[in-house]
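The listed protein sequences correspond, in order, to chains A and L. Mapping the first sequence onto our numbering, position 8 (from 1) lands on 8, and the numbers just tick up by one. Mapping the second sequence onto our numbering, position 231 (from 1) lands on 633, and the numbers just tick up by one. By construction, the Cβ of each residue, glycine as well, lies at the ideal position given by its N, Cα and C atoms.
Number of protein chains: 2
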Amino acid sequence: MANVAVLGYGTIGAGAVKVVQTNAKIIEKRAGQAINVKHILDLRDFPGDPNEDKVVHDYSVIENDEDIDVVIECMGGTEPAYTFVKKALLAGRSVATSNKELVASHGAELIQIARDHKVNFLFEASVGGGIPIIRPILTCLSAEDIEEVSGILNGTTNYMLMRMEEAGCSFEEALKEAQEKGYAELHPEADVEGYDACRKIAILTSLAIGQQVDYEDIPTEGITSITADDIKYATIMGRKIKLLGSSKIRGDKVYAMVAPFLVDEKHPLAGVTDVFNAIFVHGNMVDDTMYYGRGAGSLPTASAVIADVIDCVKHFGKNIRIYWKPEKKELSDWGEFSRRFFVRVREDVSNADIQDAFGKVDMITLGGYKEKAFVTESIREDEFKAAAEKIGELINVIRLEG
Amino acid sequence: MANVAVLGYGTIGAGAVKVVQTNAKIIEKRAGQAINVKHILDLRDFPGDPNEDKVVHDYSVIENDEDIDVVIECMGGTEPAYTFVKKALLAGRSVATSNKELVASHGAELIQIARDHKVNFLFEASVGGGIPIIRPILTCLSAEDIEEVSGILNGTTNYMLMRMEEAGCSFEEALKEAQEKGYAELHPEADVEGYDACRKIAILTSLAIGQQVDYEDIPTEGITSITADDIKYATIMGRKIKLLGSSKIRGDKVYAMVAPFLVDEKHPLAGVTDVFNAIFVHGNMVDDTMYYGRGAGSLPTASAVIADVIDCVKHFGKNIRIYWKPEKKELSDWGEFSRRFFVRVREDVSNADIQDAFGKVDMITLGGYKEKAFVTESIREDEFKAAAEKIGELINVIRLEG
Numbered sequence: 001m002a003n004v005a006v007l008g009y010g011t012i013g014a015g016a017v018k019v020v021q022t023n024a025k026i027i028e029k030r031a032g033q034a035i036n037v038k039h040i041l042d043l044r045d046f047p048g049d050p051n052e053d054k055v056v057h058d059y060s061v062i063e064n065d066e067d068i069d070v071v072i073e074c075m076g077g078t079e080p081a082y083t084f085v086k087k088a089l090l091a092g093r094s095v096a097t098s099n100k101e102l103v104a105s106h107g108a109e110l111i112q113i114a115r116d117h118k119v120n121f122l123f124e125a126s127v128g129g130g131i132p133i134i135r136p137i138l139t140c141l142s143a144e145d146i147e148e149v150s151g152i153l154n155g156t157t158n159y160m161l162m163r164m165e166e167a168g169c170s171f172e173e174a175l176k177e178a179q180e181k182g183y184a185e186l187h188p189e190a191d192v193e194g195y196d197a198c199r200k201i202a203i204l205t206s207l208a209i210g211q212q213v214d215y216e217d218i219p220t221e222g223i224t225s226i227t228a229d230d231i232k233y234a235t236i237m238g239r240k241i242k243l244l245g246s247s248k249i250r251g252d253k254v255y256a257m258v259a260p261f262l263v264d265e266k267h268p269l270a271g272v273t274d275v276f277n278a279i280f281v282h283g284n285m286v287d288d289t290m291y292y293g294r295g296a297g298s299l300p301t302a303s304a305v306i307a308d309v310i311d312c313v314k315h316f317g318k319n320i321r322i323y324w325k326p327e328k329k330e331l332s333d334w335g336e337f338s339r340r341f342f343v344r345v346r347e348d349v350s351n352a353d354i355q356d357a358f359g360k361v362d363m364i365t366l367g368g369y370k371e372k373a374f375v376t377e378s379i380r381e382d383e384f385k386a387a388a389e390k391i392g393e394l395i396n397v398i399r400l401e402g
Numbered sequence: 403m404a405n406v407a408v409l410g411y412g413t414i415g416a417g418a419v420k421v422v423q424t425n426a427k428i429i430e431k432r433a434g435q436a437i438n439v440k441h442i443l444d445l446r447d448f449p450g451d452p453n454e455d456k457v458v459h460d461y462s463v464i465e466n467d468e469d470i471d472v473v474i475e476c477m478g479g480t481e482p483a484y485t486f487v488k489k490a491l492l493a494g495r496s497v498a499t500s501n502k503e504l505v506a507s508h509g510a511e512l513i514q515i516a517r518d519h520k521v522n523f524l525f526e527a528s529v530g531g532g533i534p535i536i537r538p539i540l541t542c543l544s545a546e547d548i549e550e551v552s553g554i555l556n557g558t559t560n561y562m563l564m565r566m567e568e569a570g571c572s573f574e575e576a577l578k579e580a581q582e583k584g585y586a587e588l589h590p591e592a593d594v595e596g597y598d599a600c601r602k603i604a605i606l607t608s609l610a611i612g613q614q615v616d617y618e619d620i621p622t623e624g625i626t627s628i629t630a631d632d633i634k635y636a637t638i639m640g641r642k643i644k645l646l647g648s649s650k651i652r653g654d655k656v657y658a659m660v661a662p663f664l665v666d667e668k669h670p671l672a673g674v675t676d677v678f679n680a681i682f683v684h685g686n687m688v689d690d691t692m693y694y695g696r697g698a699g700s701l702p703t704a705s706a707v708i709a710d711v712i713d714c715v716k717h718f719g720k721n722i723r724i725y726w727k728p729e730k731k732e733l734s735d736w737g738e739f740s741r742r743f744f745v746r747v748r749e750d751v752s753n754a755d756i757q758d759a760f761g762k763v764d765m766i767t768l769g770g771y772k773e774k775a776f777v778t779e780s781i782r783e784d785e786f787k788a789a790a791e792k793i794g795e796l797i798n799v800i801r802l803e804g
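Take a look at the structure:
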């Protein structure tokens, strides 16, 4: 029997305990031994909870219990998660975590400590909730030169964009609805400003290139500037507006960004609606692949955590090699990257000026609007910005994908 | 440096050599050592091929070369692949294969032999080509009670169904087009009769339940009875016709089948077009997940084979536990499974007779056709058959999914 301790009895931690207990028989067969939740660390008490007798308030109880084989970290944030996880690894215990901040900030270091101590630090649940994506990148795609990782990495914003399209409602109305449904928090910045997606694409990019990418370096735009009108244009153009965390890898150059994109309807990410997440990975041999599922939620995320625990148990005494060098990768400047741009301008901007700046483009108009729009040819982002300055104030600009 | 031998220098085998040689630097980093193709077994010579000096005609050369660490099997069929693979495992070599017949027929036995000899028998490429699906089921979803695995497992038929929808053409015209494009063989039975999908869903189901499922036990219908008219009805109903290999798991009962299904447009499999494949997996904790990519082709499939080789190299001396009991699982009778059915009948069949047999249903008609159609409520398959007999000959019947 393998004994585990769960750090944090919140949404994910409670889900982890439920998964272990509900699917105990199947998990025992697959792990080769039973998995037992021995301790749950939380500052709170949980009177009446079936696992209340497992709750401890002091990490030292877990630290000093030699029976504990695997530590499950579901606290979120970098501290005290980082301190506790590091202690566990140094003490020869494997760790499974769902904590994207911890992995984005300290992943490379913790992987190295795990290797040095012949244990494992696994983090499948840190990106995409229940969607298998970390392990597929590390194992199934290990023969690939990965050229792109782009994902719908935040379910809240994907739900809001769907509602703006379906109901023609504003950003504010969609946000209110998402809050009422419990998808968005009262302070929704982490979702709508793209910060959540930013940490996740930093982790995925680090794994794709095998080297540390700092999330602070990734230009990040949220969906706050997207309006119902943008979505009307998107529909006319046969496109969907999606908030993507996207990295394009061109040899040694890595371009990473979080922003709303106009995604072609034929792109596999275009059909991903509601709170679902999906990650698109393009490799030089395998071509396009995509991974789809629930990117958040108690049980889906916990399922990924427990799958990691099972892998830890199957690999006792053996480190599963993860290639993630700690030296920071300097990201390349998006200014030099070429793509098409969708541009909305006031109707009094002359077509001659637009043609002067961007060459010949077709105009798109919505009936009854005092504006017009167009899509540029593929153009470097810095050249786009310079050209855009020539025609003055723009109503909105959205990048095209696919 | 790890030395590998490739058995079979056909489409996949040649792709495997190309992946190893093209992505050599990346593969070395991820595997922790370089991978070298030392021998290629094929009956033919390949004069002018850059690897012609590696070609051998006799398996004993590989068998007797103590340098060989991993054998890559891309011959297809059960013999001599089975004999060669078994010999390699017994001699303490790991094996990676793309051979669905071999895995469907002998997977459980070869996994056991590998375990007994502390080596690995891996087969990610045997289902879904380059799509990560075997390893996600075995690892990422190891905490799940898997309740459904359904996949578009054959690219040729998926392409044909897309063309029948797009161009309104017949099965025969779509087949001719697929043959001209090199997607379908001159003798296309393995694809269009569902035999290829049948072996793949047998493997996926065995892995999902951890026990041998014989492909011979799986009821298998192809797409030969699907007409352009069926697809017109599908469009009216907001559905897509897809050839699915599908297993529904209800406690101890396993229902497996290959057949064309009318898939709801909102189902994640509905949007999978062209030669792409995708596998949908539903677990009791993770809910819906899906895996998408190229299900065939030289380089995508070879990429999965080489990823397995890298995993073998990373696990030298250690068997990666795969739970697949060799005792055969008896499949349950689909007769007892309930679902909805789409039914086409001649226009002279009376609505009263239809209502008598199936209760009140809404009629669907296509302008100018001397027939009508309807969808039943959810009904057991054996009860459906009994009821259908009451109304005489049917033009076509297609099961609904989602």
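The three-state secondary structure of L645 (chain L), taken from DSSP, is strand. Separation of the CB atoms of I681 (chain L) and V551 (chain L) is rounded to 7 Å, and the pair is thereby assigned contact status at 8 Å. Straight across, the Cα-Cα distance linking T424 (chain L) with V777 (chain L) is about 52 Å. Within the same chain, Cβ atoms closer than 6 Å to the Cβ of N158 (chain A) are found at I152, the five residues on either side in sequence being excluded.
According to DSSP, I651 (chain L) shares a beta bridge with L:V656.
A residue is called buried once 16 or more other Cβ atoms fall within 10 Å of its Cβ, and G238 (chain A), having fewer, is exposed.
T675 (chain L): not part of any alpha helix (DSSP H); DSSP gives it neither H nor E. S246 (chain A) is outside the set of residues whose beta carbon lies under 8 Å from a beta carbon in chain L.
Taking a beta-carbon distance threshold of 8 Å, A143 (chain A) counts as an interface residue toward chain L.
In summary, Q757 (chain L) is exposed, with fewer than 16 beta-carbon neighbours lying within 10 Å of its beta-carbon over all protein chains present. For the pair Y82 (chain A) and F316 (chain A), the Cα-to-Cα distance works out to about 22 Å.
The beta-carbon distance between D217 (chain A) and N154 (chain A), rounded to whole angstroms, is 19 Å. This is too long to meet the 8 Å contact definition. Each of L:K440, L:G450, L:T480, L:R446 was checked against the Cα of N466 (chain L), and the nearest Cα belongs to L:K440. Within the stretch 538–568 of chain L, P538, T541, C542, L543, S544, A545, E546, D547 place their CB atoms closer than 7 Å to a CB of chain A, listed in sequence order.
For the C-beta of K720 (chain L), the chain A residues within less than 7 Å are, from N- to C-terminus, K318.
Remark: three or more beta-carbon pairs, one from each stretch, lie closer than 8 Å, so the stretch 524–540 of chain L and the stretch 501–513 of chain L are flagged as touching.
At a cut-off of 8 Å between C-beta atoms, N51 (chain A) does not count as an interface residue with respect to chain L.
At least one CB of chain L lies nearer than 8 Å to the CB of N23 (chain A). Taking the CA atoms as reference points, R135 (chain A) sits about 57 Å from D750 (chain L).
The beta strand (DSSP E) runs lying completely inside the stretch 191–217 of chain A and spanning 3 residues or more number zero.
G168 (chain A) and G293 (chain A) have their C-alpha atoms spaced approximately 26 Å apart.
The shortest CA-to-CA distance from E803 (chain L) to any of L:G761, L:V419, L:L664, L:F760 is the one to L:L664. Note: H441 (chain L) is bridge-paired with L:A407 in the DSSP secondary-structure output. The criterion of a C-beta distance shorter than 8 Å is not satisfied by Q112 (chain A) and P300 (chain A).
Contact of G761 (chain L) with chain A is not assigned, every C-beta pair being separated by 8 Å or more.
Interface residue (Cβ-Cβ distance to chain A less than 8 Å): A704 (chain L) is classified as such. Beta-bridge partners assigned by DSSP to H315 (chain A): none are found. Positions of the alpha helix (DSSP H) runs, each at least 4 residues long and wholly inside the stretch 435–511 of chain L, are given as 461–465, 483–492 in order along the chain.
Per DSSP, L400 (chain A) is not a residue of any alpha helix (DSSP H); the beta strand (DSSP E) it occupies stretches across 396–401. Under the 8 Å Cβ criterion, the stretch 242–259 of chain A counts as touching the stretch 208–228 of chain A, having at least three qualifying pairs. For G297 (chain A), the CB contacts under 7 Å within the same chain, skipping 5 residues up- and downstream, are G129 in chain order. In the three-state scheme derived from DSSP, where H, G and I count as helix and E and B as strand, V305 (chain A) is classed as helix. Here the stretch 445–457 of chain L does not lie against the stretch 381–400 of chain A, with fewer than 3 beta-carbon pairs under 8 Å apart.
For V17 (chain A), the uninterrupted alpha helix (DSSP H) segment begins and ends at 11–22. Each residue's CA atom was taken as its position, placing T691 (chain L) and I26 (chain A) some 19 Å apart. M75 (chain A) sits away from G182 (chain A), with the two beta carbons spaced by 8 Å or more.
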